[in-house]
Amino acid sequence: MKTLFDKVWDSHVVRKIENGPDVLFIDRHMVHEVTSPVAFLGLKSRNIGVKHPEKTFATADHNTPTINQHLPVKDPLSANQLKALEENSKAHGISYWGLGHEKNGIVHVVGPEYGITQPGATIVCGDSHTSTHGAFGAIAFGIGTSEVEMVLATQCIMQPKPKSMRINVVGNLNKGVTPKDVALYIISQLTTSGATGYFVEYAGDVFKNMTMEGRMTVCNLSIEMGARGGMIAPDEKTLEYVKGREFTPTGAAWDKAKAYWDTLYTEEDATFDKELTFKGADIEPMITYGTNPGMGMGIGKDIPTAESLEGGVSTYKKSLQYMAFNEGDSMIGKPIDFVFLGSCTNGRIEDFRAFTEIVKGKQKAPNVTAWLVPGSHKVEAAIKEEGLLDILTAAGFELREPGCSACLAMNDDKVPAGKYAVSTSNRNFEGRQGPGSRTLLASPLVAAAAAVTGKVTDPRELL
Amino acid sequence: MAYDKFNILKSSVVPLPIENVDTDQIIPARFLKATERKDFGDNLFRDWRYNADNSPKKDFVLNQDKYSGKILVGGKNFGSGSSREHAAWAVYDYGFRCVVSSFFADIFRNNCLNVGVLPVQVSPEFLEKIFAETEKDADSQVEVNLQEQTITIVNTGDKESFDINAYKKENMLNGFDDIDYLLNMKEEITAFAENTPL
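First to last, the protein sequences are chains A and B.
Letter by letter, the first sequence follows residues -13 to 449 of our numbering.
Letter by letter, the second sequence follows residues 194 to 391 of our numbering.
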């Protein structure tokens, strides 16, 4: 009577503490430069090492520039943080994919690309979008730096088992509706705290029919509804994706792993603490109008009035004031200044294919600055190999080098104060893309439509 | 990292009656570039607290002299978004030892417990009472008793109990951290690791 989540969680519990958390064994630990240096300092002060360097993988992504990566990093603080990760990785025997390394990219993009991400694994990283890896049927979630230190030191973490929620999306999706829209729709229905305390399993035809890239986009955004993480049961598509990658087991080890993976599904009579069902046909291309990812709506709708919402009137009005939007406004036709295609949410090859589909044969609007940032060098290579770069170049776009970039603007890719960015990233918080920046979260199709028209445009008109 | 023991905290409060305060507001990403834990309190609520020219925004609560104390009281869904522990560090380093809200985001709550900030979840009604009392009297005190798991508005005597798991409570009362616990399980973990399928 177990759920998929129960099976993976329970098989990783080293010890149960009465009236306390479970001690959970971690199979894979991804590390990046921002949330790890203080954890490594902690090891030093305790005079201990990394217990399982072979289960630990480091990549530089949050601070990295997305142009001229062959040159020294200009910002001294960023350079210092990157250097710290390189030195810490070296000192502890951790594989490090730094700037300029062929495998470098966003931690949640490269993990799956190289087979580090596997079904049934427990995966953590000091980054809330670690939930991405749940697309493979892994339990994956973000942790704080104290917990990064715990995992480095002991390969374990202490967490109470979350409650379970299943979100079903049934039927089919309409034209122009992408995995990003599915996720933004669910968040708009649940709010940003609707799944807090829960771990989500996504089920139903819509997810079954989704590509692995699409499933990653959905699981990535689980945290934006408050959930610790989200996961999808592995199927043939999952194993097909995993097979043959660098860190994927082979031979007898594959057979052993597969025997485990074949057990990873929710049993028919298993129950969840909460279960929700949505219809795929109800979902439109989405866009956000406020300062949290739950403030989203179908692109053709009008911004809701404060009175039509439950509670929080002053917070809602403050949010619209920041965005300089009015209750009842239509989003269609609103002028925009920036377009960002990239991030761990939408920086994969499929996202670049979608974007290219719209801009093909058109021209970038002159008032738009567009940042197209692949999630990894592997994605970058695929963009070139598939001929997408030629199409993008002809349409007036440039491709940048991999990294987190304008998703959180820790590097130079900052949207200026007061400017509007249609962004395929994951957060529209105040100042997220630069102090004073205004973010409209959307799919790669909506971003592309905005990039060629210079305003918020329904992508279905251009498909 | 070691932190001060927590037992009974009686203090005036700093009210922040805004919902969905995300960790990007608590500390913006551009202040996450340090390689050691130092001075994060300076940038707590940076963009709500300072103008672009670094002058203080007079209407923000941290810049109003009448409000001070070791207890920060926020609107519902406090600490959503990024997992950055820097947010909890900023709260602690500024001088807060306790955050009160009617609802916390999971990762922020965990991070607080790991750095010695006690997250106290109260009912929406009780939260409103704290805000109302503080509005009336900026020096109004709140008492948080971890041993008894109660929170009291001193002026009115309103009292509510709050949840915390027994393990974490013990840690907070003694200033222990999880790593010490895990390091003591070394052999048990090693034996477990040998039998994992992946």
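Yeah, the Cβ is synthetic: ideal placement off N, Cα and C, and Gly gets one too.
Candidates the options: closest to residue i by CA position
i	options	result
Ala433 (chain A)	A:Ser409, A:Lys350, A:Gln67	A:Ser409
Lys161 (chain A)	A:Ile129, A:Ile269, A:Phe26	A:Ile269
Val345 (chain A)	A:Gly237, A:Met317, A:Ile377, A:Ser114	A:Ile377
Leu209 (chain B)	B:Leu339, B:Glu229, B:Leu265, B:Phe199	B:Leu265
Asn353 (chain A)	A:Arg386, A:Ser81, A:Pro321	A:Pro321
Val337 (chain B)	B:Gly274, B:Met365, B:Ser295, B:Cys291	B:Cys291
Ile201 (chain B)	B:Asp332, B:Phe319, B:Leu311	B:Leu311
Gly298 (chain A)	B:Lys269, B:Asn247, B:Ser204	B:Lys269
Arg302 (chain B)	B:Pro317, B:Asn358, B:Val254, B:Ile323	B:Asn358
Ile218 (chain A)	A:Val(-6), A:Pro445, A:Leu449	A:Val(-6)
Gly86 (chain A)	A:Ser75, A:Pro58, A:His119, A:Ile80	A:Pro58
Val438 (chain A)	A:Tyr406, A:Ala381, A:Leu394, A:Cys390	A:Ala381
Ala70 (chain A)	A:Val24, A:Phe127, A:Val204	A:Val24
Lys223 (chain A)	A:Pro105, A:Glu19, A:Thr342	A:Pro105
Gly234 (chain B)	B:Lys259, B:Asn304, B:Ser333, B:Ile220	B:Ile220
Ser275 (chain B)	A:Leu427, A:Asn33, A:His115	A:His115
Cys205 (chain A)	A:Gly128, A:Lys76, A:Glu232, A:Pro235	A:Gly128
Lys244 (chain A)	A:Leu262, A:Ser294, A:Asp221	A:Asp221
Lys2 (chain A)	B:Leu391, B:Thr383, B:Met378	B:Met378
C-beta neighbour in chain B for residue i, strict 9 Å
i	result
Leu295 (chain A)	no
Phe415 (chain A)	yes
Val186 (chain A)	no
His119 (chain A)	no
Gln67 (chain A)	yes
Cys461 (chain A)	This structure cannot speak to residue 461 (chain A), because chain A is shown only from -13 to 449.
Phe11 (chain A)	yes
Gly130 (chain A)	yes
Asn33 (chain A)	no
Glu135 (chain A)	yes
Ala403 (chain A)	yes
Gln104 (chain A)	yes
His94 (chain A)	no
Asn5 (chain A)	yes
Phe330 (chain A)	It should be pointed out that residue 330 (chain A) corresponds to Cys in this sequence rather than to Phe. Taking Cβ atoms only, chain B never reaches closer than 9 Å to Cys330 (chain A), which makes this a no.
Pro23 (chain A)	yes
Tyr82 (chain A)	no
Gly212 (chain A)	yes
Interface flag, residue i vs chain A, CB-CB below 9 Å
i	result
Asn348 (chain B)	no
Val308 (chain B)	yes
Arg290 (chain B)	no
Asn367 (chain B)	no
Ala331 (chain B)	no
Arg242 (chain B)	no
Asn226 (chain B)	The question names Asn, but residue 226 (chain B) in the sequence shown is Lys. Output row for Lys226 (chain B): interface = yes.
Pair within 9 Å by beta-carbon distance, residue i and residue j
i	j	result
Gly368 (chain B)	Gly309 (chain B)	yes
His(-2) (chain A)	Val134 (chain A)	no
Asn412 (chain A)	Thr277 (chain A)	no
Thr213 (chain B)	Ala283 (chain B)	Checking the sequence shown, residue 213 (chain B) turns out to be Asn, not Thr. In this structure, Ala283 (chain B) does not lie closer than 9 Å to Asn213 (chain B) by Cβ.
Met283 (chain A)	Ser429 (chain A)	no
Ile143 (chain A)	Met136 (chain A)	yes
Thr252 (chain A)	Leu10 (chain A)	no
Gly212 (chain A)	Leu176 (chain A)	yes
Gly373 (chain A)	Ser329 (chain A)	no
Phe264 (chain A)	Gly216 (chain A)	no
Ala90 (chain A)	Thr203 (chain A)	The sequence given here places Asn at residue 90 (chain A); Ala does not occur at that position. No; because the gap between Cβ atoms is not below 9 Å, this pair is not in contact.
Ala44 (chain A)	Ile92 (chain A)	no
Met272 (chain A)	Lys226 (chain B)	no
Ile344 (chain B)	Ser132 (chain A)	no
Supposed close pair residue i, residue j - CB separation, criterion 8 Å
i	j	result
Thr21 (chain A)	Asp113 (chain A)	7 Å
Glu326 (chain B)	Asn307 (chain B)	The pair is not a contact, with the Cβ atoms about 30 Å apart (cut-off 8 Å).
Met(-13) (chain A)	Ala256 (chain A)	5 Å
Lys147 (chain A)	Gly183 (chain A)	At roughly 11 Å, the Cβ-Cβ gap does not stay under 8 Å, so Lys147 (chain A) and Gly183 (chain A) are not in contact.
Asn158 (chain A)	Gly6 (chain A)	Actually they do not touch by this definition, with Cβ atoms about 45 Å apart.
Leu431 (chain A)	Thr164 (chain A)	6 Å
Arg334 (chain A)	Val365 (chain A)	6 Å
Asp444 (chain A)	Ile289 (chain A)	Rounded, the Cβ-Cβ distance is 16 Å, inconsistent with contact.
Asn66 (chain A)	Thr228 (chain B)	6 Å
Checklist entry - In chain order, which continuous runs of the beta strand (DSSP E) of length 3 or greater are located wholly inside the region 244 to 329 of chain B? => result 264 to 267, 291 to 294, 311 to 314
Next on the checklist: As an exercise, report each continuous beta strand (DSSP E) stretch of at least 3 residues that is fully enclosed by the region 310 to 343 of chain A, in chain order.
Outcome noted: 324 to 327
Item to check | Contiguous beta strand (DSSP E) assignments of at least 3 residues, all confined to the region 195 to 228 of chain A | outcome: 215 to 217
Item to check | beta strand (DSSP E) runs wholly inside the region 99 to 153 of chain A, at least 3 long, in chain order | outcome: 108 to 111, 125 to 128, 142 to 145
Item to check | Complete alpha helix (DSSP H) runs within the region 56 to 105 of chain A (minimum length 4 residues, chain order) | outcome: 62 to 78, 93 to 99
Next on the checklist: Quick check for students: name the residue ranges of the beta strand (DSSP E) that lie wholly in the region 381 to 443 of chain A, counting only runs of 3 or more.
Outcome noted: 406 to 409, 424 to 427
Checklist entry - Taking the runs of the alpha helix (DSSP H) that are 4 residues or longer, which of them lie wholly in the region 225 to 311 of chain A? => result 237 to 247, 299 to 309
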